[in-house]
Amino acid sequence: MPLALSLPSTLRRALQAEAQRGAPNEVCGLLGGVQRGPLFQAACYMPVPNCAATPQMRFAMQPEAMVAAILALQRAGYALIGVYHSHPHSAPVPSAVDIAEGAWQATPYLIIGYAATQPRLAAWLIEGRSFTHLALI
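Note that the numbering used here gives residue 1349 to position 9 of the sequence shown, counting from 1, and the numbers run on in steps of one.
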């Protein structure tokens, strides 16, 4: 079975709403859940403030808030299974910046993209300077 990210519809809608509220800036945060073999099962998300100098074009998680989010996931019994962020003006495909900065190697990236009027979500795995599409179920 290829790698996949399971994202319940309630989480999809909540993440889309968060991305809309945050526009024109990128929003970002962590996904909590469990990994069972090649399947990453998301159960919750933890928003983290975007502290990038140009938040309309990139994301950088505020370090203290990111650590607090990881600890909250652990207290809730979840593992960190992914990272999410939005592309307020483009498709849900890793940008050159996402790949170049690649801070979350081998961790699923969920991107909420707004290239069209309706938001689209896509999941990716960034490894080195390349990325692989993950099934989003």
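Note that the Cβ used here is the ideal one computed from N, Cα and C, for glycine as well.
Check	Outcome
Supposed close pair GLY1369, PRO1387 - CB separation, criterion 8 Å	4 Å
6 Å Cβ shell around LEU1345 - same chain, five flanking residues per side excluded	PHE1380, PRO1448, ALA1463, LEU1474 and LEU1476
Below-7 Å beta-carbon distance, ALA1419 vs any chain D residue	In summary, chain D is missing from the structure at hand, where a single protein chain is found.
Per-residue DSSP class, three states only, for MET1406	helix
For VAL1367, the three-state DSSP class (helix, strand or coil)	coil
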